[in-house]
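To keep things clear, I will list the structure first and then write my remarks on it.
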Amino acid sequence: MKTLTVSEICQHNDLSVKTAEKALASLQSMGLVTGFVPGDVNAKIIPTAAAAKYLN
């Protein structure tokens, strides 16, 4: 799966870092992404296999 950074997600979706981080923390807690590190806008966010059904 493609990796994205918080910075790329914010730019692509016109979101604030705070909003993106809140959403990513939630997704990571549900096991849908890995690699999210609060405060690191360059961390590589990777969708998990469980997220595939939502992304296709």
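When the letters of the sequence shown are read in order and numbered with the working numbering, they come out as residues 23 to 78.
In this text, a Cβ means the ideal position worked out from N, Cα and C, and glycines have one as well.
What you are looking at is a predicted structure, and each value in this text was computed from that prediction instead of being measured.
Classification of A71 by the beta-carbon crowding that lies within 10 angstroms, buried from 16 upward = Walking along the sequence shown from the start, residue 71 turns up at place 49. Answer is exposed; the Cβ neighbour count stays below 16.
Span of the beta strand (DSSP E) holding K66?
-> As a position in the sequence shown, residue 66 is number 44, starting the count at 1. Here the beta strand (DSSP E) through K66 covers K66 to P69.
Can you tell me which of the three DSSP states V55 falls into?
-> Mapped onto the sequence shown, residue 55 falls at position 33. The answer is strand: DSSP assigns V55 an E or B state.
Alpha-carbon to alpha-carbon, K66 and Q33 = Sequence index remark: in the sequence shown, residue 33 carries index 11 (1-based). Sequence index remark: in the sequence shown, residue 66 carries index 44 (1-based). Spanning the two alpha carbons is a distance of roughly 15 Å.
Near V39, what residues of its chain come up, given a Cβ to Cβ distance below 7 Å and the 5 sequence neighbours on each side ignored?
-> Working through the sequence shown from its first residue, we reach residue 39 at position 17. Closer than 7 Å at the Cβ level, and outside the excluded window around V39, lie V28, C32 and V63.
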